[in-house]
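One line per chain: the protein sequences are B and G, in this order. Under my numbering, residues 1 to 348 are what the first sequence spells out, in order. Under my numbering, residues 1 to 348 are what the second sequence spells out, in order. Ideal Cβ positions, reconstructed from N, Cα and C, are used throughout, including at glycine. Computed from a prediction, not measured in an experiment: that's the story for all the values here. Notes for the one structure printed next.
2 protein chains.
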Amino acid sequence: MKLNDRAETLLRTLVELYINEGQPVGSRTLARQLKLNLSPATVRNVMSDLEDLGLIHSPHTSAGRIPTQEGYRFFVDSLLRIKPLEQITLEEMQDKFSNESDPQLLLTKASELLSQVTHFAGVVLIPGQRSSLFRQIEFVRLASQRVLTILITDDGRVQNRVIPTDRSYAASELVEAANFFNQVYAGTSLADVRRGLLKEMQKDSDEMHRITATALAVAGKLFDDEDDGGDAVMLSGEENLLNVPDLCQIEKLQKLFDAFKTKQDLLDLLDRSMKVSGISIFIGGESGYRSLDDCSVVMAPYDHDGEIIGTVGVIGPTRMSYEEVIPVVDVTARLLSGALSTSSDRLE
Amino acid sequence: MKLNDRAETLLRTLVELYINEGQPVGSRTLARQLKLNLSPATVRNVMSDLEDLGLIHSPHTSAGRIPTQEGYRFFVDSLLRIKPLEQITLEEMQDKFSNESDPQLLLTKASELLSQVTHFAGVVLIPGQRSSLFRQIEFVRLASQRVLTILITDDGRVQNRVIPTDRSYAASELVEAANFFNQVYAGTSLADVRRGLLKEMQKDSDEMHRITATALAVAGKLFDDEDDGGDAVMLSGEENLLNVPDLCQIEKLQKLFDAFKTKQDLLDLLDRSMKVSGISIFIGGESGYRSLDDCSVVMAPYDHDGEIIGTVGVIGPTRMSYEEVIPVVDVTARLLSGALSTSSDRLE
DNA sequence: CTTGGCACTCGGATAAGCGGAGTGCTAATG
DNA sequence: CATTAGCACTCCGCTTATCCGAGTGCCAAG
């Protein structure tokens with residue numbers, strides 16, 4: 001789509017005004033705001049053209065115009081003037097990430113940060129373990145037939161799980177089994193560990209080494225269940241959305257919170273954005289998920305040592321200040337990537 | 001407070017009607033519903049008395065009556081006829097708890113259960129570790145100066161934490177240190193462990209055994225921070241409250257969700273109910289926390305081997321069906337207590 | 001004590017009227 | 001030909017008036 005300069009400034013000003021005020025913008029207001037010394041009548045003519053193009057529309061005959069979904073899209077793609085982050089905000093954000101090396105907590109903090117700074121909801125796609133590499137496993141005997149397994153992956157994440165076993169294992173057996181794992185599988189992907197285990201299991205148990213058998217018995221279940229992806233979504237600041245005037249209708253909020261509970265739609269959406277480099281923006285119904293019809297989502301992938309492993313984002317009303325939210329999401333993704341990398345640099 | 005039989009049945013019927021319909025109850029409706037063949041005029045007289053006693057009131061002159069906070073209180077204390085749980089619901093609830101022995105997950109499930117069954121918000125007070133006994137600690141070397149500590153308490157809870165250390169420790173040193181801990185402190189309370197550590201630290205480091213020094217250096221920080229209580233509140237099904245007609249005003253929801261975020265009020269409230277045995281019910285403003293003015297909270301403590309360690313509850317509108325919610329909370333507390341005890345029976 | 005009757009009150013729904021903001025069209029202008 | 005002033009028109013939101021129904025309180029009779 002191509003617009004002449006005047007139409008572009010006009011549309012930009014209109015969208016900016018509407019984002020700030022939340023009221024349909026009329027020709028008089030727009031003419032006054034515009035520095036071009038145009039009469040309201042001229043502005044009306046241009047607005048009429050923009051309406052024909054489907055970029056703006058009137059809620060009713062005698063109201064001003066508001067951007068359509070396509071209008072927002074054009075605005076975001078072609079007209080947006082990104083505001084640089086305020087120095088203070090930037091420092092606050094950096095503070096939040098410093099002195100923290102636990103990857104789990106880093107993700108939590110990222111999500112909180114996004115919601116605090118934007119006053120909308122922050123969201124983080126937590127990568128499943130599919131792609132992470134096996135680093136270390138430990139078994140701790142809890143009771144006669146219960147073993148605590150602690151799985152550590154190369155990205156520094158720790159996961160523990162209590163596993164019921166068929167028979168009782170001595171502490172020494174468990175140590176042997178753990179050593180076996182740590183030597184054989186260190187550095188391979190979890191999926192490969194799983195494949196390896198499956199292969200072992202197919203062997204006749206007679207010819208199996210005692211230690212291998214123990215390892216299999218204890219950790220088999222762990223990897224059985226664990227490989228089903230395990231991607232998860234973390235949300236913060238949902239309550240901020242209650243304060244957003246555009247969403248003040250209970251039904252809209254219900255739809256939204258329903259989506260927050262099931263999380264599937266969010267997961268799909270964030271996952272899609274992981275495939276793309278740079279910021280992804282879904283405006284209103286663009287995402288295709290009805291529950292997000294009244295919302296926009298701004299997302300950016302984050303990486304760990306250069307490999308993209310997840311996404312951070314903000315969910316807010318379609319009428320949000322994209323010029324402010326985009327840099328926040330962008331910077332958060334960068335800071336998070338940085339924090340994750342340095343935290344694992346400190347791993348050896 | 002003493003009422004004659006007729007006034008009691010009348011009040012009970014009024015409250016039940018109002019809880020079911022949500023509309024102020026007029027004399028005609030009440031007379032019809034009542035099986036006493038009273039005329040509306042008589043009912044009006046009785047209602048007038050009840051109003052003088054502060055148990056009911058009219059929102060305005062020509063509306064019916066609705067219960068006051070005191071009216072609900074009297075109803076709950078003296079008039080309530082608890083409905084036994086439906087067999088199916090009971091089985092569903094039992095199902096939810098069976099096949100789960102991880103205490104953390106049990107608490108999550110309890111909270112979810114409460115919200116699912118009642119269609120309000122479920123809440124669980126998660127006991128801090130102050131009272132739990134030390135069972136076992138493990139150190140895992142993550143990087144040259146980072147050690148993963150895994151703390152297991154006697155109630156089966158597992159907590160892990162990455163601790164930065166001043167110098168690098170060899171795996172063997174860590175094993176020794178862990179053994180030291182596990183032998184010296186097994187079965188003592190975490191608070192005592194902390195006291196023990198402090199005492200050790202006061203000794204001149206020269207005369208300290210090498211292993212003790214390692215143990216101190218690695219785990220000192222863990223117990224430093226960890227003893228600050230750590231009680232926590234877990235919430236589920238907040239979104240259910242969006243569907244409650246009595247709370248459909250955005251401001252009320254805002255107050256409520258604000259309280260959900262900070263959690264302090266909830267924590268205090270649940271903590272109070274832990275001191276009491278049996279069901280606690282706070283109606284409307286009774287709790288004293290303004291954020292819960294429009295809500296009632298039904299709570300019951302749960303225990304682990306007879307010792308009360310936490311509380312489960314439901315947060316809903318004041319106009320809730322107490323006769324249904326109370327047994328749900330009660331049964332959940334019992335089931336949870338049972339599940340926690342059997343899960344630790346299986347510990348040795 | 002109970003009841004029927006009756007005047008009274010109040011909220012909610014409906015309709016009417018009004019002012020303001022904004023539009024679209026037309027004709028005049030540079 | 002783009003721009004502009006003028007003007008009739010539309011529609012929303014607000015206020016006011018009206019009416020109806022539900023419910024009350026009180027009184028006098030049973």
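(1) Report yes if the C-beta of Pro127/G is less than 6 Å from at least one heavy atom of the ligand ADP; otherwise report no.
(2) Give the interface partners of Asn243/G over in chain B, defined as CB-CB distance under 9 Å, in chain order.
(3) With distances taken from CA atoms, which of Val218/B, Met93/B and Leu198/B is nearest Glu176/B?
(4) Over what stretch of residues does the alpha helix (DSSP H) that includes Asn179/G continue unbroken?
(5) Hey, does Asn99/G have any beta-carbon neighbour from chain B nearer than 7 Å?
(6) To which residues of the same chain is Ser273/G closer than 6 Å at the C-beta, ignoring the five residues directly before and after it?
(7) Anything in chain G within Cβ reach of Glu138/B, meaning under 7 Å, just list it in chain order.
(8) So what does DSSP say about Gly284/G, is it helix, strand or coil?
(9) What number of angstroms, rounded off, separates the C-alpha of Glu348/G from the C-alpha of Ala143/B?
(10) Going by DSSP, what residues sit across from Tyr322/B in a beta bridge?
(11) Quick check: the stretch 176 to 189 of chain B against the stretch 132 to 143 of chain B, are at least 3 beta-carbon pairs closer than 8 Å?
(12) Quick one: grab the DSSP three-state call for Tyr72/B.
(13) Tell me which same chain residues have a C-beta within less than 6 Å of the C-beta of Ala232/B, skipping the five on either side of it?
(14) Along chain G, in chain order, which residues have C-beta atoms closer than 8 Å to that of Leu152/B?
(15) Among residues of its own chain, excluding the 5 on either side of Glu323/B, which ones have a beta-carbon nearer than 7 Å to its beta-carbon?
(16) Suppose contacts are defined by Cβ-Cβ distances below 7 Å. Is Arg65/B in contact with Ile56/B by that definition?
(17) Does the stretch 17 to 34 of chain G come within contact of the stretch 91 to 107 of chain G, defined as at least 3 CB pairs closer than 8 Å?
(18) For Met1/G, name the three-state secondary structure that DSSP assigns.
(19) Answer yes or no: do Ala261/G and Glu239/B have a C-beta to C-beta separation smaller than 7 Å?
(20) From the beta carbon of Val158/B, is the nearest beta carbon of chain G less than 7 Å away?
(21) Compare the C-beta of Val162/B against all C-beta atoms of chain G and say whether one is closer than 7 Å.
(22) Rounded C-beta distance between Leu371/B and Phe75/B? I'm assuming under 8 Å.
(23) Select from Leu190/B, Ile326/B, Ser58/B and His60/B the residue whose C-alpha is nearest the C-alpha of Gly316/B.
(24) Quick check on Glu239/G - is its C-beta less than 7 Å from some C-beta in chain B?
(25) How big is the Cα-Cα spacing for Lys35/G and Asp305/G?
(26) Which residues in the same chain have their Cβ closer than 8 Å to the Cβ of Gln145/B, if we skip the five residues on either side of it in sequence?
(27) Have a look at Asp154/G, Val147/G and Gln202/G and flag the residue whose alpha-carbon is nearest the alpha-carbon of Ala178/G.
(28) Going by beta carbon distance, what residues of the same chain come within less than 7 Å of Asn20/G, once the five residues before and after it are set aside?
(29) By the DSSP assignment, the alpha helix (DSSP H) with Thr29/B in it spans what residues?
(30) With three or more C-beta pairs closer than 8 Å as the rule, is the stretch 262 to 269 of chain B touching the stretch 149 to 160 of chain B?
Answer, in terms of the structure:
(1) Only the bare structure without any ligand can be found here, which leaves the ligand ADP out of the picture.
(2) Ile250 and Gln254
(3) Val218/B
(4) Ala171 to Tyr185
(5) no
(6) Ser280, Met299 and Thr311
(7) Glu138 and Val140
(8) Three-state result, Gly284/G: helix.
(9) Because the pLDDT of Glu348/G is 49, which lies under 50, any placement of that residue in the model is unreliable, and the number read from its coordinates should be weighed accordingly. When rounded, the distance between both Cα atoms is 5 Å.
(10) None, per the DSSP bridge assignment.
(11) When C-beta atoms of the stretch 132 to 143 of chain B are compared with those of the stretch 176 to 189 of chain B, three or more pairs fall below 8 Å, so the two segments count as touching.
(12) helix
(13) Ile126
(14) According to the sequence provided, residue 152/B is Ile. The question's Leu does not apply to it. Near Ile152/B (Cβ distances below 8 Å), the residues of chain G are Val140, Leu142 and Leu148.
(15) Leu80, Arg81, Ile82 and Lys83
(16) yes
(17) no
(18) coil
(19) The sequence given here has Lys at residue 261/G, not Ala. Yes, the pair counts as a contact, with Cβ atoms nearer than the cut-off.
(20) yes
(21) yes
(22) One cannot answer for residue 371/B here, as it falls past the ends of chain B, which runs 1 to 348.
(23) Ile326/B
(24) With 7 Å as the cut-off, Glu239/G counts as an interface residue toward chain B.
(25) Approximately 48 Å, taken between the alpha carbons.
(26) Pro164, Thr165, Asp166, Arg167 and Ser168
(27) Val147/G
(28) Result list for Asn20/G: empty, nothing under 7 Å.
(29) Its alpha helix (DSSP H) spans residues Ser27 to Gln33.
(30) With a cut-off of 8 Å, the stretch 262 to 269 of chain B and the stretch 149 to 160 of chain B do not count as touching, because too few Cβ pairs lie within range.
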